[in-house]
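Working notes for the structure below.
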């Protein structure tokens with residue numbers, strides 16, 4: 001019965017609402033070239049010795065110690081996402097239906 005209701009509902013909705021794009025905006029980047037500067041930077045990092053990588057990113061294999069963590073928090077703030085209002089039940093149902 002549940003499936004029948006949604007089948008009838010889908011028939012009357014525009015396809016853009018029913019069929020989702022797996023990667024929104026992906027079609028715009030498919031045929032674009034990677035900038036040469038980015039490519040060169042990635043290749044440089046890929047062949048860099050491990051010790052030099054640690055220095056480049058200002059870190060070490062053991063990770064950050066407590067003082068470094070506190071310094072980073074003072075500089076960048078807490079590592080939290082802004083709070084989001086909960087969606088209404090019908091929006092949650094629609095999202096679950098579109099992406100089971």
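Numbering (UniProt numbering), first residue to last: 1 to 100.
Just so it is clear, CB atoms sit at the ideal spot from N, CA and C, and this is done for glycine as well.
Self-check item: Rounded straight-line distance, which links the Cα of residue 71 to that of residue 57
Solution: 15 Å
Quiz item: When you compare only the Cα positions, how much space is there between residue 60 and residue 32?
Solution: 36 Å
Quiz item: Helix, strand or coil for residue 87 per DSSP?
Solution: coil
Practice problem: Please report the residue range of the alpha helix (DSSP H) in which residue 56 lies. | Solution: 50-56
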